[in-house]
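Following the working numbering, the numbering of the sequence shown begins with 4 at its first residue and continues without gaps.
Take a look at the structure below.
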Amino acid sequence: MSAQIIPFPEPGAGEDDFLDFYRAPLPRKRPAKATKPKWQPTIVDDWPDEVPVFVEELELFELYLGDDLDRILGITK
4 MSAQIIPFPE PGAGEDDFLD FYRAPLPRKR PAKATKPKWQ PTIVDDWPDE VPVFVEELEL
64 FELYLGDDLD RILGITK
């Protein structure tokens, strides 16, 4: 008994096209609305040219980040 060979359908040969899985979306009825930002902040640079830093702040940085800063900057003790 010989096998029955069923021919594979040609591309676009009817509703069941197995070679085309993507179907284009339907066109929109109207274009999408352009959205405007609801709030646009005003940027103000009112910092002084030189920002004062206290000695205590520097000591705090050195206490917590001293070893890492030494390693990054290549300072050996």
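Just so it is clear, CB atoms sit at the ideal spot from N, CA and C, and this is done for glycine as well.
- Annotation: Arg33 is outside any alpha helix (DSSP H) and is labelled neither H nor E by DSSP.
- Approximately 13 Å separates the beta-carbon atoms of Lys80 and Asp71; this is outside 8 Å, ruling out the contact.
- If you ignore the 5 residues before and after Tyr25, its C-beta comes within less than 8 Å of no other C-beta in its own chain.
- Cβ-Cβ distances below 7 Å link Val47 to nothing in the same chain once the five nearest sequence neighbours on each side are left out.
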